[in-house]
Each structure stands twice: as structure tokens, then as C-alpha cells.
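Inspection log for the structure reproduced underneath, given as C-alpha cells.
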DNA sequence: TGCTGCATATCGTAC
DNA sequence: GTACGATGTGCAGCA
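Chains as they are written, first to last, in the numbering used here: chain D, 693 to 948; chain A, 693 to 948.
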């Protein structure tokens, strides 16, 4: 479980300190949008939704592709608004109403050429109490650490977040013969995770006090390519069932 | 360059066929949101922006974190709206106005408990002409494939997207001596890209018909750390100039 | 501040 | 449809 609400509260305090609260601004207008930065992207004139959030971010939405805007500028950034020049008015077959230049600290720029505006309003949202999440990788790791029996009888936990020079191994177990087993936990197992575990195993097996250390790649799903690479490296793949693990957990709670 | 506009046009046709055009719906309202699916997430009651797009997707926005909503359901999904029950009204210290259940084909559900509504309006956006992008990796790959001379005189292309068991190598060349060279193309060269190329080279050099295959890591920018790792692996780094390549391309067009 | 790793990633594309 | 890599990834945690 995790709380994400601190930022909203902090921003509200800042706003109050400065004597005003920035609202969310929603605009429905015809517009042309040009982004230049890590790539260049161009949107011809059409009617779109423009959202300016209290954090200064700007996003240009069409009526599809879920929450992803067509174009955007993330905070922190600054919005400069000006009147269109005569040349600009002459260059477009549109009634221009404003030119926005939204810039960040780098050299990225979002240029919005606004045409006819159908709607333009500000809304105060106030304090965001924050999101509570449950069921991400951290939780899988805790459940697996609490249930070494999932991997084999006689296994026990050495420790979670077992430290190494290049970062902590998710879980270290000792198997029924007392051999060390390093486990990398992912929600979805992909090649990167196998690479990560490989680096840990190289390091751990360089330590005469630990070796031999073998590896297990544990995830709710494992991509075929990751399986291939794991097999090449002599790493075992283990599919884990979050629901079943939670069940296990509750069963143990009842037993003890 | 790429056009992303087909979807919008297709959807408009579908809407016309079915006799109506779905608008974007914007709501400012107090609400509680509960998501259950790949994880569970909970948002306590607060005033937020709720966006329902023409594709059916629903997203719940706070006034920060740029374009990322606090909670969402992507299309395709269905929205069922009902009156709150007496029990529900009694359970909340809020004036409830509606209960939404948004479901997709899997077992994901976004439940929105609506309180006082400050604003609720529909807006027609019409046809989205589409986004034009330029300067992405695919373009670089095409340009390099067309210009083997960038790497050396007498080089020629074997093929783009050269297939291997763990995925396609971006470009395979043969150099002036007939030796194979595998090229990994990135916009920004980082360690991951070197790792990827390393895996390809391991595999390719295991094939007696191909070996020896050496590697080139080609990118517009290459991070110092990536250079170090590449050097360790005997991989050559090649900075490519997108503008110059385009110029090359045009020069060749003029020559032939 | 910069690097690392996760994400309800989303999105396009090849097979 | 599934698998896989790219992304203006965004974003949080941490050194």
C-alpha cells in the first residue's frame, strides 16, 4: 500500500501562500499544435480538448486513445500567450484567437495556434486526498518471502532485499540442502529481469562464502523470450499466483 | 513520417453508420473511485475531473501529474450507470448522485461513486486529422539501411530486421571483406541497447555459417556509460547525424 | 541532481 | 490475437 497524496496538499499550501489557487482550465477549440523537442510532431487544425492543469502542464486531447493526449507538455513548464500577428492571421485560413508557446527547462516547445473557441472555463478541484494502491511487485515480494514452501519443502528465507555491491537481490533463500538461491521477483517477467538476475548471480558466485548460488526468476507472467534467455543462463523460471499466495497467507494466519 | 489519423476517421464512419456521433463528456464532480483488476486502487471522495471519451474510455483527473489520470479504464469498455441504493446513500456522508460501473472484457472494473456535480457537458470534436511524427528510430534505421557507405566503402546491406531466435537485429551489413556486421540502432544510446546487441552477437556468433559477426551500436547520442560497456564488449560506437543522413539521401536521389 | 527500476504503463507492428 | 520493442515513456526512490 502506498500513499500518493502529499503532492496535492503541498501544492495547495504553495498556492495559498502565494494568495491564489490555480484551477484546471478546460478549453474546447479549433487549434493547430506543433511540438519540437526529442522529436517533432505536427497536428493540423481541428477541434480538440485542451487541458491546462494547476501544475502548469498542457495536454491536447482528441476524443479517442483513452487518457493519452495527442500532444502535451509536462510540468514544470511556462505558458506564454500572445495575440496572433498580422502575418500569422494572413497565413491561416482560420480565425486565429491566440498563440501559446509552452516551454520547459530544456529546449522542448509546444506551440498551440488557437482558432475559434467553443468553451473555456476554469474549475477549482481543491485538495487531492491521494491514491491507495495494492497488489504491485513489492507485495508479491513480501508474500513470496513469507512462503518459502512455494519453492520447495525445507526451504527457508535468508532475507528480503539481500544487499550486494550492485543493488539488493529481491529475495535470498536457502534450500533443503543449505544452498543459497537468489530470487528476482517481477509482476511481469521480461528479458531485462533475467539480465538483472544474471548480474547478481555473477557477483554472488564470486564470493567463496556464498557459492554456489543458483537463481530463480519468479513472476506472475513470463514472456517466452525471457524463458529462453533464462534457460541459457541456467536460471529456473517460476510462475507465481498472487491470489493463491494470498490464500496461502491467510491459511497460515488461521493455522498459527 | 507517420500518419496516425486513420482511427479517428474510421470511428466517425462507425458513429455515422449507427446514427449518432459520440461526444467527449467532461464532468467536474465530487467522487470516490475504486479500481480492481491487475491491482486494486482506491480514491477517497474529492472533487475531480472525469473525462469520458468517444471511444468509451473513462479517466479521473486531479489537477496535477500532467496528463496521467489518477485512475482510468481504457477502451474498449462499457459504462453502466445506476441510481445509488438506499444502503449506499446511508453509507456515505455525501449526497450521492450516481454509481458508475465501467468494465472491460477482462475482469477489470472501475467503480465511480458520484457525489455533487458542478459541471457536466458533452462536446463534439469531429474528425481528428492525425499526428505526424518525424525523427524516430524507425526513420533512422531506414536511412542507415539505405546508406551503408556511412560505415565504410564497399559495405552493403544484407537486410533490415534480420531475424534471430530472440528477435530481429535492426540491420545486418556485410563489410568490404564480406564479414557480417550487426547494427543496433537507437535514438539515444544507453546501456540497455548495448546489452541487447550483446545478446544478438552471442547468438549470431554461435552460428558457424555467420561468424565472425561484429557489432556496431549506432545512435544520435551515446551515453558515456554505454560507450564504456560497448568498448568492454568489443562493440564499435557510431554517432549518426540525422540531418546529414537525410541530406545524403537527397544527394543520392539527385545523383541517380 | 542524476541514475535505476517499476507501471493498471500505452502504442505500434510483425508474425 | 499475441509477443515484443519503443516511448517526447512518466514517476518514485535513492545515492
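Think of the CB as a built atom: it goes at the ideal place given N, C-alpha and C, for glycine as much as any other residue.
None of these values were measured; they are calculated from a predicted model.
Neighbour flag for residue i against chain D, beta carbons, 8 Å
i	result
residue 937 of chain A	no
residue 927 of chain A	no
residue 818 of chain A	yes
residue 716 of chain A	yes
residue 934 of chain A	no
Residue environment, residue i, which counts as buried when at least 16 other CB atoms sit within 10 Å
i	result
residue 878 of chain A	buried
residue 872 of chain D	buried
residue 840 of chain A	buried
residue 778 of chain D	exposed
residue 907 of chain A	buried
residue 920 of chain A	exposed
residue 890 of chain D	buried
residue 855 of chain D	exposed
residue 811 of chain A	exposed
residue 751 of chain A	buried
residue 749 of chain D	buried
residue 909 of chain D	buried
residue 724 of chain A	buried
residue 918 of chain A	buried
residue 702 of chain D	Note on residue 702 of chain D: pLDDT 49, under 50, position unreliable in the model; no value is reported.
residue 869 of chain A	exposed
residue 888 of chain A	buried
residue 746 of chain D	buried
residue 876 of chain D	buried
residue 846 of chain D	exposed
residue 952 of chain A	Given that chain A is displayed from residue 693 to residue 948, the structure contains no residue 952 of chain A and the question cannot be resolved.
residue 797 of chain A	exposed
residue 885 of chain A	buried
residue 814 of chain D	exposed
Cβ of residue i within 8 Å of any chain A Cβ
i	result
residue 917 of chain D	yes
residue 764 of chain D	yes
residue 810 of chain D	yes
residue 720 of chain D	yes
Interface residues of chain D facing residue i [CB-CB closer than 9 Å]
i	result
residue 734 of chain A	823, 824, 825 and 826
Residues that residue i contacts on chain A, provided the C-beta gap is smaller than 7 Å
i	result
residue 887 of chain D	887
residue 740 of chain D	817
Contact list for residue i against chain D, beta-carbon separation under 8 Å
i	result
residue 731 of chain A	825, 826, 827 and 828
residue 793 of chain A	Ordered by position in chain D, no residue passes the 8 Å Cβ test against residue 793 of chain A, which lies about 18 Å from the chain.
Within chain A, the residues that residue i reaches when beta carbons sit closer than 9 Å
i	result
residue 921 of chain D	858 and 891
Proximal residues, the segment 852-863 of chain D versus chain A, C-beta separation under 9 Å | none
Taking three-plus beta-carbon pairs below 8 Å as touching, is the segment 849-860 of chain A in contact with the segment 883-899 of chain A?
-> yes
Near-chain A residues of the segment 889-911 of chain D (beta-carbon distance less than 8 Å), N- to C-terminal order | none
Within 9 Å of chain D by C-beta, residues of the segment 760-785 of chain A in sequence order | 760, 761, 762, 763, 764, 765, 766 and 767
Quick one: any contact between the segment 805-813 of chain A and the segment 773-793 of chain A, if contact means 3 or more CB pairs under 8 Å?
-> yes
Are at least three pairs of beta-carbons, each pair with one atom in the segment 717-726 of chain A and one in the segment 738-752 of chain A, less than 8 Å apart?
-> yes
The segment 747-763 of chain D touching the segment 812-820 of chain D, judged by at least three CB pairs closer than 8 Å = no
With contact counted as at least three CB pairs below 8 Å, one residue from each stretch, are the segment 896-904 of chain D and the segment 922-940 of chain D in contact?
-> no
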